[in-house]
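Using my numbering, the letters of the sequence shown correspond one by one to residues 45 to 383. See structure below.
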Amino acid sequence: MDSESKTIEIIRSIQLAIIVPVNLIGNTLVCIVLYRTPQLRTPMNYLLVNLAISDIMVAFFMTADQPFFYGWEHPSGTTGDYLCKFITGKLFSWVGSVASVFTLVALVFERYYAIVYPLRSRAQITRKQFYAIIISCWTFAFCFNIPLVVVRIYNTNVAATGYFCRSNWSSDDIAKAYNFIWLFFIGILPITVMGFLYSRIARSLWGTGNRVGPEQFTSQVRFKARKRVTKMLITITILYALCWMPNLLINVISYYYTPSGIFSYGYLITEVLVLLNSSINPFVYGIQSQQFRNGVKVILCCKWCPRRQNEAQGNEQNKLELANMRSPRASMITAGFAN
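Spelled out as structure tokens, the structure:
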């Protein structure tokens, strides 16, 4: 085994042994915390659950071909083709990726209306509409990846490429067009939209001449809570751009540059970045959200320290009741990953 193959082997081992378990544990905790904490069951947090589920999907299927690198024999022929179309070709990983980016776009629109138009947001954005958004995200994600189902087949030259599956496009022009579509709709367009809307939100929250200030919210606490949750979502968006753009760009460049060993090595690195992006969001929640940290502590302590769990739940309930006494609508904001 040459040095390049050893490097690729190390990268794949890191994916399988470290990043994937971190992803599964972290995103599962997000789902459990939101499920176990009634005051966190808000439309925005339903979208965060959807984001966590899509991230789990990315990690699980991004490494679906790994067992075949460690002793298992990948089927060839028709069986191999269908396995590549649906499992080892990473189809559902890319479906989860598309669902995650459109979930991020939905989150920024939710924040935009809640902060820039606070008096209108409750009437305009309902729970049913959020369910419709989630269904639309997944429907679009599956439709967007239909071409991959058509073109993915078993790669008979695994030794030369290092991959069990390849895309059998009818022409390079169609392949280029599809990769440009990915670059535009999964990279450039959503990042531009999110950047523009978050700039409007930031101007409303932090601008010197903002027309949406603390006096227009029910309390200073609500105002600070909105700042915290907005910072968290901006961080997630920036991480998405940094981790995804290299992969989208290298897929386009590959049709204008003859791949070499170094190029394949670089492509694998960009896949690691995509996988890392799907694993990092729970850490962002933990760093920026005290309420999420408290929820994790309650879950981890539920077996060994039930007394602390009851105390924590009692404290959270007292905070919620106090907020509701101060304002009937306060729970709309303080019930997010904002405290």
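For each residue, glycine too, the CB sits at the ideal point set by N, CA and C.
* Using beta-carbon positions only, say whether residue 140 and residue 101 come within less than 7 Å of one another. => Stepping through the sequence shown from its first residue, residue 140 is reached at position 96. Stepping through the sequence shown from its first residue, residue 101 is reached at position 57. The answer is yes: Cβ separation under 7 Å.
* **First and last residue of the uninterrupted alpha helix (DSSP H) at residue 210** => By 1-based counting over the sequence shown, the position of residue 210 is 166. Note, residue 210: premise wrong, no alpha helix (DSSP H); beta strand (DSSP E) at 209-211.
* Starting from the C-beta of residue 360, find all residues in its chain whose C-beta is less than 6 Å away, skip the five residues before and the five after it, and write them out in chain order. => Sequence index remark: in the sequence shown, residue 360 carries index 316 (1-based). With a pLDDT of 49 at residue 360, under the threshold of 50, the modelled position of this residue cannot be trusted, and the question is left open.
* To do: Would you kindly check if the distance between the Cβ of residue 300 and the Cβ of residue 174 is under 7 Å?
  => Numbered from its first residue, the sequence shown carries residue 174 at position 130. Numbered from its first residue, the sequence shown carries residue 300 at position 256. Not a contact, by the Cβ cut-off of 7 Å.
* Would you kindly report the start and end of the unbroken beta strand (DSSP E) that includes residue 196? => For the purposes of this step, residue 196 is taken as the residue at position 152 of the sequence shown. Element bounds for residue 196: 196-198.
* Asked: Grouping DSSP H, G and I as helix and E and B as strand, with all else coil, what is residue 216?
  -> In the sequence shown, counting from the first residue as 1, residue 216 sits at position 172. Helix, per DSSP.
* Asked: DSSP three-state call for residue 379: helix, strand or coil?
  -> Within the sequence shown, the letter at position 335 stands for residue 379. Any reading at residue 379 needs caution, since the residue's pLDDT is 42, under 50, leaving its predicted position unreliable; the model's value is listed next. Here DSSP, grouped into helix, strand and coil, assigns residue 379 to coil.
* Considering only residues of the same chain and omitting the five flanking positions on each side of residue 185, which have a CB-CB separation below 6 Å? -> Here residue 185 corresponds to residue number 141 of the sequence shown, with the count starting at 1. 139, 142, 143.
* **Residue environment, residue 329, which counts as buried when at least 16 other CB atoms sit within 10 Å** => For the purposes of this step, residue 329 is taken as the residue at position 285 of the sequence shown. By the neighbour-count rule (16 or more Cβ atoms within 10 Å), residue 329 is buried.
* If I'm right that residue 275 touches residue 332 with Cβ under 8 Å, what's the distance once you round it to whole angstroms? => Indexing the sequence shown from 1 puts residue 275 at position 231. Indexing the sequence shown from 1 puts residue 332 at position 288. At roughly 6 Å, the Cβ-Cβ gap stays under 8 Å, so residue 275 and residue 332 are in contact.
* Pair every Cβ in the region 150-163 with every Cβ in the region 119-128, then say whether three or more of these pairs are closer than 8 Å. => no
* Ignoring anything shorter than 4 residues or poking outside the region 54-96, list the alpha helix (DSSP H) runs there in chain order. => Within the region 54-96, the runs of alpha helix (DSSP H) at least 4 residues long that lie entirely inside it are, in chain order, 64-80.
* Nearest CA to the CA of residue 323: which residue from 64, 151, 234? -> In the sequence shown, counting from the first residue as 1, residue 323 sits at position 279. When only C-alpha atoms are compared, the closest one is 64.
* To do: Please work out which residues of its chain come closer than 8 Å, Cβ to Cβ, to residue 237, disregarding the five sequence neighbours upstream and downstream, and give them in chain order.
  => For the purposes of this step, residue 237 is identified with residue 193 of the sequence shown, where counting begins at 1. Excluding sequence neighbours, residue 237 sits near 149, 152.
* Straight-line Cα distance separating residue 345 from residue 352 -> Mapped onto the sequence shown, residue 352 falls at position 308. Mapped onto the sequence shown, residue 345 falls at position 301. Low confidence applies here, because residue 352 scores a pLDDT of 49, under 50, leaving its location unreliable; read the following figure in that light. C-alpha separation (whole angstroms): 7 Å.
* Asked: Which of helix, strand or coil does DSSP assign to residue 333?
  -> The residue given as residue 333 occupies position 289 in the sequence shown. In the structure shown, residue 333 sits in coil (DSSP, three-state: anything other than H, G, I, E or B).
* To do: With a threshold of 6 Å, establish whether the CB of residue 334 neighbours any heavy atom of the ligand GTP.
  => With respect to the ligand GTP, the structure offers nothing, as it holds no ligand at all.
* Would you report the Cα separation of residue 370 and residue 51, rounded to the nearest angstrom? -> Taking the first residue of the sequence shown as 1, we reach residue 370 at position 326. Taking the first residue of the sequence shown as 1, we reach residue 51 at position 7. Low confidence applies here, because residue 370 scores a pLDDT of 40, under 50, leaving its location unreliable and the question unanswered by this model.
* The alpha helix (DSSP H) enclosing residue 111, as first and last residue numbers -> Position 67 of the sequence shown, counting from 1, holds the residue named residue 111. First-last for residue 111: undefined, no H or E at that position.
* Below 8 Å on the Cβ atoms is my guess for residue 103 versus residue 68; work out the distance and round it to an integer in Å. => Taking the sequence shown and counting its residues from 1, one reaches residue 103 at position 59. Taking the sequence shown and counting its residues from 1, one reaches residue 68 at position 24. Between residue 68 and residue 103 the Cβ distance is about 6 Å, and since that is below 8 Å, they are a contact.
* To do: Let me know if residue 339 comes out buried or exposed under the rule of 16 or more other beta-carbons within 10 Å of its beta-carbon.
  => Against the sequence shown, residue 339 aligns to sequence position 295. Burial call: buried.
* Going by alpha carbons, who is nearest to residue 298 out of 221, 126, 132? -> By 1-based counting over the sequence shown, the position of residue 298 is 254. Minimum Cα distance to residue 298 is reached at 221.
* **Among 325, 289, 98, 269, the one whose alpha carbon lies nearest that of residue 224** => The residue you call residue 224 lines up with position 180 of the sequence shown. The shortest C-alpha separation from residue 224 is found at 289.
* Residues near residue 337 by beta carbon distance below 6 Å, same chain, minus five either side -> Locating residue 337 in the sequence shown gives position 293, where the first residue counts as 1. Excluding positions up to five away in sequence, the list reads 330.
* In three-state terms, what does DSSP make of residue 339? -> For the purposes of this step, residue 339 is taken as the residue at position 295 of the sequence shown. Three-state DSSP puts residue 339 in a helix.
* To do: Note the first and the last residue of the continuous alpha helix (DSSP H) segment covering residue 250.
  => To locate residue 250, count along the sequence shown from 1; it is residue 206. Looking at the DSSP string, the run of the alpha helix (DSSP H) that includes residue 250 is 233-250.
* Asked: If we count the other Cβ atoms within 10 Å of its Cβ and call it buried at 16 or more, is residue 217 buried or exposed?
  -> For the purposes of this step, residue 217 is identified with residue 173 of the sequence shown, where counting begins at 1. Here residue 217 is exposed, its C-beta having fewer than 16 other C-beta atoms within 10 Å.
* To do: Could you check what DSSP says for residue 298 in three-state terms: helix, strand or coil?
  => Mapped onto the sequence shown, residue 298 falls at position 254. In the structure shown, residue 298 sits in coil (DSSP, three-state: anything other than H, G, I, E or B).
* Straight-line CA distance for residue 273 to residue 245? -> For the purposes of this step, residue 273 is taken as the residue at position 229 of the sequence shown. For the purposes of this step, residue 245 is taken as the residue at position 201 of the sequence shown. Cα to Cα, the separation comes out at about 12 Å.
* Asked: Can you name, in chain order, every residue of its own chain whose Cβ lies under 8 Å from the Cβ of residue 132, other than the five neighbours on each side?
  -> Locating residue 132 in the sequence shown gives position 88, counting from the first residue. Cβ within range, chain order: 108, 109, 112, 118, 208, 209.
* DSSP-derived helix/strand/coil call for residue 175 -> Position 131 of the sequence shown holds residue 175. Three-state result, residue 175: helix.
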